[in-house]
Each structure stands twice: as C-alpha cells, then as structure tokens.
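Peer 1: Mind looking over this structure? Questions follow.
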Amino acid sequence: ERIIYEAKGPGSSALLIDVFTDSRNRTAPLLRHILSKHEGSLQASGAVSWMFTDRGVVEVDEVKDELSLMDALIACSFEDMEYEYDEEEKMATVHCDPSNVDDVRKGLEGE
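Right, here's the structure in full:
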C-alpha cells in the first residue's frame, strides 16, 4: 500500500514522505519515532502538501542538439511542459504533468 505522510522536520522544514508499506499500523509509529529524534513530527493531511506541486520528471541523455529536443517536445503537444538543456553535458531534464511522463518519454526516445 502506498501512503504519503506529511511532516515537519528540523527548522520547521516541510516534508512529504512517500512510502510503500504492508502495515500502516507499523509505519506511522516508526516514522513518528524517527522524526521525533530529529526535531520533527507527523502532521495532519494538508498541513504541508499545499506547499508542493506534483511534477513528472524525464531525464534525456545524449541529446543531439537543443533544436531537435524542442521539435520532439512540440510533437508531444502537452501544455505546461518545461525543460532545461545542458549544452556541455548534452542532456536535458523535462518537467511535465505526472500523468504525461510515459508519453513524453516515448516522444523523446531517440533524441
């Protein structure tokens, strides 16, 4: 079972803790214990999640050039997509909606 816990960490830092567990009853106390040892605490649902945006990330190695990357991204035709291109490393990082990650990855194969 997948559970996302919300917590405050040291210095009032906001944490989203994404876990897979077979026992919800065992996981929550364990997280409470770990957080309390580090000046943190579990929070109610919605206490810190409003500070985060769920984003999908696709990393592309060995990009030919930025123009071919842009052409491939345009062909994907998704709204609200951003990319960062590192010319020295010839790689790119694409940020998109999480539901579009597989389609973006398929659209960028071979770039």
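Our numbering applies: residue 1 is where the sequence shown begins, and numbers increase by one.
Backbone N, C-alpha and C fix where the C-beta goes; we use that ideal spot for every residue, glycine too.
What residue does the beta strand (DSSP E) around Ala8 start on, and which one ends it?
Peer 2: A quick correction: the sequence has Lys, not Ala, at residue 8. Its beta strand (DSSP E) spans residues 2 to 8.
Peer 1: Per DSSP, what kind of secondary structure is His38 in: helix, strand or coil?
Peer 2: Coil.
Peer 1: Check whether the Cβ atoms of Gly40 and Ala72 sit closer than 8 Å, and answer yes or no.
Peer 2: No, these two residues do not count as a Cβ contact at 8 Å.
Peer 1: Taking the straight line between their C-alpha atoms, what separation do you get for Met51 and Ala7?
Peer 2: The alpha-carbon atoms of Met51 and Ala7 are separated by roughly 12 Å.
Peer 1: Does DSSP put Glu66 in a helix, a strand or coil?
Peer 2: The answer is helix: DSSP assigns Glu66 an H, G or I state.
Peer 1: Thinking C-alpha only, which one of Cys76, Glu89, Asp61, Asp86 is nearest Val101?
Peer 2: Nearest C-alpha to Val101: Cys76.
Peer 1: Are the region 87 to 94 and the region 51 to 70 in contact at 8 Å, needing three or more beta carbon pairs?
Peer 2: Contact holds: three or more Cβ-Cβ distances are below 8 Å.
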